[in-house]
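Residue numbers (this note's numbering): 2 to 354.
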């Protein structure tokens, strides 16, 4: 995946930095994350959160800072959406919402394009991103590494929207079940992705296929790139999120009849919407209400598979299955795991060049 590491925001312009540079920057900033002895003593419970955060109420997300001087009420609210596909597509889709959010808050709101999960997480950790949509797996990293506080997912009046892990192959291929993929070219998306990597690690072995043993994991970078890779024949199969797959079909980017689904998992929560933990509480409450009160435009409903609103969500409860999958795959959502996965993403991006 590509990365976005701009120190300033320039509306209408996209900044790119190589994944390798991102990794170097993250490692270089690691020392800044270390707490002082005093701050470490002040926090009675941290859990899996990074050292700069605290979780004394044990709800698994970062507490609001106790020091009023550390609270933020931004004049310009920066919003983004998970880069599962072309960021420019989502900037256009969310434009009616960002305009309404600006009116609701009485603030300027800009859409900040990011090109990797790591770049989005780093943007919130460094204070450059105030609220954003995070993919399912990266949501847990955003919580622990960047102090993100998830409060919503896309949904309807009755329920939140979920998705399934799909394994797709060309319809013309001979592959009918996961075990048929031994020794084949199987694409995962990125190391931090739930459906694109961590869920396969946990769910494939009972089906007779063990990643990195029965096949070499090939990271494509994004779900749409995995799907197009299967379509073009670059990959024999790919583990992808069902919502991305169906959206691409509805847009005419692919034809579902050209593919065969040989595996479908149980339902996972879709991408979360989370705000930075250090927003001033009354401002954060108003921000959340603006999200909950908004109803999607027809274009958004179509783009998001029938979802018409932001449905209330709770990280501790609604992401439990994601944490279980991570544990089952031997993964973690702490800083050490994040740095390792960021390095893997950098290696994968370099290998594709």
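Note that CB positions come from ideal geometry on N, CA and C, so glycine has one too. On a predicted model such as this, the values are computed, not experimentally measured, just so you know.
Opposing strand residues paired with residue i [DSSP bridges]
i           : result
residue 85  : Residue 85 pairs with nothing; no bridge assigned.
residue 175 : Partner(s): none; residue 175 has no beta bridge.
Nearest to residue i (by Cα), restricted to the options the options
i           : options               : result
residue 335 : 57, 145 and 91        : 145
residue 322 : 137, 246, 313 and 98  : 137
residue 267 : 200, 293 and 333      : 200
residue 116 : 99, 297 and 191       : 191
residue 127 : 79, 245, 338 and 324  : 79
residue 212 : 181, 229, 222 and 224 : 181
residue 308 : 220, 111, 162 and 73  : 162
residue 286 : 73, 327, 217 and 297  : 73
residue 397 : 277, 157 and 118      : Any property of residue 397 remains undetermined from this structure, which presents the chain solely from 2 to 354.
Three-state secondary structure assigned by DSSP to residue i
i           : result
residue 209 : coil
residue 7   : With a pLDDT of only 36 at residue 7, under 50, the local geometry of the prediction cannot be trusted, and the value read off the model is given with reservation. Here residue 7 sits in coil by DSSP.
residue 297 : coil
residue 339 : helix
residue 24  : In this prediction, residue 24 has a pLDDT of 38, which is less than 50 and means its spatial position is unreliable; what the coordinates show is noted afterwards. It is helical.
residue 329 : helix
residue 52  : coil
residue 270 : strand
residue 312 : strand
residue 169 : strand
residue 61  : coil
residue 344 : helix
residue 154 : strand
Cβ pair residue i, residue j closer than 8 Å
i           : j           : result
residue 152 : residue 275 : yes
residue 169 : residue 245 : no
residue 195 : residue 269 : yes
residue 259 : residue 171 : yes
residue 193 : residue 112 : no
Boundaries of the alpha helix (DSSP H) in which residue i is found, first to last residue
i           : result
residue 201 : 200-204
residue 142 : 137-147
residue 246 : 243-251
residue 99  : 96-106
residue 227 : 224-233
Span of the beta strand (DSSP E) around residue i
i           : result
residue 188 : 187-189
residue 220 : 218-220
residue 110 : 109-112
residue 433 : The structure shown does not extend to residue 433, since the chain is modelled only from 2 to 354, so the question has no answer here.
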